[in-house]
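FYI, the numbering for the sequence shown is 0 to 210, going by numbering that gives the first Met the number 0.
Below is one structure, written out as structure tokens, with a few remarks after it.
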Amino acid sequence: MFEFNRGKPVSTALSAKLTNLLAQWIATSCRPISVVEDDGLELVLQAATGVTKTEERHFAEECARQFLDVTNQWGIADKISTIRTDSAPNMVAAGRILPFEHLPCVAHVVQRAIVMSLREGVFDGALAKWRKVVRLFKHSPANSDELNVQQPSLGQVQEPLVQDVPTRWNSTLEIIKHVRHNRDALHTMLSQQKHNLALPTNAEYEKLANF
0 MFEFNRGKPV STALSAKLTN LLAQWIATSC RPISVVEDDG LELVLQAATG
50 VTKTEERHFA EECARQFLDV TNQWGIADKI STIRTDSAPN MVAAGRILPF
100 EHLPCVAHVV QRAIVMSLRE GVFDGALAKW RKVVRLFKHS PANSDELNVQ
150 QPSLGQVQEP LVQDVPTRWN STLEIIKHVR HNRDALHTML SQQKHNLALP
200 TNAEYEKLAN F
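Encoded structure:
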């Protein structure tokens, strides 16, 4: 029989299931070179780790049910007072169904507060312009290569521009730092090209000088 140590005894039923799945995997698709991509191995890992797929329909109810199933299986249902998740609407809805106190993740709350502050404040217009400038260079190897040439000639360290992502507020800080560091190089290059970009103004640079 298959034995799997995950900190608690494996039930007879699970052991038999894993053994049968391993036999099925070996018989149907055991290819040593690509073993990690085999469908049979995926079934074994799902059974061994207890990972289950949550259906998209009625996601909150299904997620809450699966959470309760796990707590009952592990024998900890009566030991839980609070659960913490991200602030996605479906996770918040699942938290309301469960018989525990639900708290949103502090990091996600801070992230959303910063994103909303930037969106509602005086920074949004300047950030939108900078994102378009960065996108232009990200999509053009020729522009990126030229920037690598311009940076040393202006006494700057060679560094690529970075684009920010909504889920990481510090990535917005990075895009500001990189564009400010490369202000002269970017304006020199873009002044020699035909484009319809609205470049950040001096006033907009000053707004974010101490961001």
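Cβ atoms here follow ideal geometry from the backbone N, Cα and C, with glycine treated the same way.
Since we're looking at a predicted model, the values are computed, not measured.
Query raised in the report: So does Val148 have its beta carbon nearer than 7 angstroms to some heavy atom of the ligand PLP?
Result: Among the components modelled here there is no ligand, and therefore nothing to report on the ligand PLP.
- By the 10 Å Cβ neighbour count, where 16 or more other Cβ atoms means buried, how is Asp123 classified, buried or exposed? exposed
For Arg130 and Asn195, I'd like the C-alpha separation in whole angstroms.
14 angstroms
Practice prompt. Could you name the residues of the same chain whose beta carbon sits closer than 6 angstroms to that of Ser170, not counting the 5 residues immediately before and after it, in chain order?
Written response: Asp163 and Val164
- Under the three-state DSSP convention, the category Leu126 falls into: helix
Per DSSP, what are the beta-bridge partners of Ile82 in this structure? His101
Point to revise | Exposure label - Met115; buried when at least 16 CB within 10 Å | key: exposed
Q.
Quick check: His180 and Gln155, are their CB atoms within less than 8 angstroms of each other?
A. yes
query: Helix or strand or just coil, what does DSSP make of Val161?
result: coil
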